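Per my numbering, residue 2 is the first one in the sequence shown, and the count goes up by one each step.
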Amino acid sequence: MSKTLLRLATRAACLTTLLAAGAWTASTPVVAQDSHYWSEQYGTRSALLGGAMIGSVRDLSAVYYNPGALALYRDAGFLLSARVYRASNFTLENAAGEGSDLGSSSTRPIATFLATPLEFGFLGDHVLVYSVLTRQQMGLDISSYQITQDDVFDTPGPEDIAGAYNGSTALRETWTGLAWAYPLTENLGIGAAPYLAIRSHEIRSELLLQAATSANDVAIATRLRSRRYKHYRFLTKLGLTYERGDVSLGVNATTPSISLLGDGRAVYNGSAASTDPDSLIVETPLLVSNVQSDLSSEFESGWAVGAGLGWTLGGTRVHLSGEWFEGRDRFTVVDAEDFVPQTGGDPVDNDATFESVSILNWGVGIEQDVGSTRVYLNLSTDNSAAADRAVEINDVTFTKYDLLRFGGGASFRLGRADIMLGLGWARGKSPFVQLFDLGRFDPDLDPGELADIDLKLSQWSAVLGFEWTPADSSDEER
């Protein structure tokens, strides 16, 4: 491959870097984020309060927010139906050249959550609740094409140049566990929820570059890169809740995970060829092809510690929560062996890696009684734990922006039932690297000189829920 076309492929590899890290979509919806921990809320009330429930949760979503609360509010209310729909819009400004933005829009339901109390006579005051929840999810797929004519190579006259890429990422992590809780006193509850966490992730990118000279020398360069893994780990959510009078307090902690088992697969295929044996574009044909299956995979998460407060002032209840998440040093998620291209050259690294930084999220929610209606407002952060704001070639995270979330809604009392409606909005922005711009390729321009661009996200959420309160529960536990 000539120095010039190699530079062309390398620069387009900047785009492949992005795709390998988790690309973007023109057709598949974006759901949640891959480096955010407060994207999902569990239960309608939590969605209306922005997830600020660590010290004031009163329903079965306590299996996640604070298992200790299950001991104090075992009859508080049952969530019969809840749906949250999220409309997301990604924009990469000038991603394929000046004035050529790439974007994605989608609408779909999010955050699977199921919690079921297990009642046995021998349990006494002990509480057991089985739960399944979606902890993280993301689906993203995008395609782009560009065709131009320019004088880039050492050939007579301008060349016709075309570039295309497709990239996708699909992430899903589910937690399944059995929460236990016990009232130490009338006002103090303790709980623990051991979880089996199952994480599946696939990252794929395809790149095609074509060039034709006026002398009908046609050259093609391709690159396909794919990595996927599935990993099982164990962790435990701990909680302690105290309530007296108009005030409730809570603390929670999530233990570092214990790796159980995992497998992975890594694929890399690249080539460069020309129709002219004396081509000035491809001086040396290139073939690099490698498939590795049954690889080991690892994933780890660190400590998380949170605290919250609930305070009732007449017809107003204030919810405050904060949660700190520990970062992790860079580790290898899929460990593929380096390999040498079939046509020779430097070894190729096709690992998948992950690194995160410590972050703090906080949220505030307000409930206000207005007759038989209750109004909700919330404000919260959802910061990215991605380790740095630049794209790394082996990094499996994509969403590197910090989000600020606003929301509100209302619940309407009908007998023992509450019908809940709400809306939420979030936005974020992070620096990114331009994918490619065939119109400004310069053989002497270093790939690192691609323009800086912005990745922007705006998001709307709609909440619909139905909650039933048993007849022997007080209205204060509504």
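All residues carry an ideal CB built from backbone N, CA and C; glycine is no exception.
Remember, predicted model here, so these are calculated numbers, not experimental data.
- Message: Alpha carbons only, please: which of N384, A463, G246 is nearest the one belonging to W325?
- Response: N384
- Query: Got a sec? Which residues, its chain only, sit under 7 Å from V292 by beta carbon, not counting five neighbours each side?
  - Reply: V268
- Mind checking whether G416 and N379 have CB atoms under 8 Å apart? no
- Item | Buried versus exposed, by CB contacts within 10 Å (16 or more), D218 | buried
- Query: Where does E1 land, buried or exposed, given buried means 16+ other C-beta within 10 angstroms?
  - Reply: The chain is shown from 2 up to 479; residue 1 falls before or after that span and cannot be answered.
- Query: Using a Cβ-Cβ cut-off of 7 Å (strictly less than) and excluding sequence neighbours within five positions of S459, which residues of its own chain qualify?
  - Reply: N90, R428
- Message: Beta-carbon within less than 8 Å of L424's beta-carbon, same chain only, minus the 5 sequence neighbours each way: which residues are those?
- Response: G408, G409, G410, W461, S462, A463, V464
- Message: Quick check: the Cα distance between G466 and T45, rounded to an integer number of angstroms?
- Response: 6 Å
- Item | Span of the beta strand (DSSP E) around Y377 | 374–383
- Query: Are the CB atoms of S275 and A220 nearer to each other than 8 Å?
  - Reply: yes
- For V397, decide whether its Cβ has a neighbour in chain B, counting only Cβ atoms nearer than 8 Å. Any reference to chain B falls outside this structure, which holds one protein chain only.
- Query: Straight-line CA distance for E301 to G315?
  - Reply: 45 Å
- Message: Which of the three DSSP states is assigned to S47 in this structure?
- Response: helix
- When the Cα of R59 is compared with those of G265, E244, G178, which residue comes out closest? E244
- Query: Straight-line CA distance for D389 to V334?
  - Reply: 17 Å
- Decide if V371 is buried, meaning its Cβ has at least 16 other Cβ atoms within 10 Å, or exposed. exposed
- Message: Just to confirm my understanding: we take P286, look at its own chain, exclude 5 residues before and 5 after, and list those with CB closer than 7 Å. What are they?
- Response: A273, A274, T344
- Item | CB of G323 within 8 Å of CB of A305, strictly | no
- Roughly how many angstroms separate the alpha carbons of G178 and A254, rounded to a whole number? 16 Å
- Message: In whole angstroms, give me the CA-to-CA distance for V153 and D277.
- Response: 18 Å
- Query: Is S36 near T398, with beta carbons less than 8 Å apart?
  - Reply: yes
- Query: Are the segment 122–131 and the segment 166–174 touching, with three or more C-beta to C-beta distances below 8 Å?
  - Reply: no
- Query: Across which residues does DSSP place V464 in a beta bridge pair?
  - Reply: V85, G423
- Item | Rounded C-alpha distance that separates N395 from A182 | 42 Å
- Query: What number of angstroms, rounded off, separates the C-alpha of D142 from the C-alpha of L239?
  - Reply: 37 Å
- Query: Hey, would you say the C-beta of H320 is under 7 Å away from at least one heavy atom of the ligand COA?
  - Reply: In the structure shown, the ligand COA is absent, as is every other ligand, since no ligand is present at all.
- Task: Can you grab the Cα-Cα spacing for the pair G192 / A387, in whole Å?
- Result: 31 Å
- How would you label D247, buried or exposed, when you count the other beta carbons within 10 angstroms and need 16 or more for buried? exposed
- Query: Taking Cβ to Cβ, would you say S227 is nearer than 8 Å to R205?
  - Reply: yes
- Task: Sort A48, G158, P184, E160 by Cα distance to P68 and report the nearest one.
- Result: P184
- Assigned secondary structure, S459 (DSSP; H/G/I helix, E/B strand, else coil): strand
- For V341, collect the residues of the same chain with a Cβ closer than 7 Å to its Cβ; drop the 5 residues on either side in sequence, then sort them by chain order. P348
- Buried or exposed for H232, please, with buried defined as at least 16 other CB atoms from any protein chain shown within 10 angstroms of its CB. buried
- Simplified DSSP assignment, three categories, for Y1: This structure cannot speak to residue 1, because the chain is shown only from 2 to 479.
- Message: Quick check on DSSP: helix, strand or coil for V153?
- Response: coil
- Mind checking whether I282 and A216 have CB atoms under 8 Å apart? no
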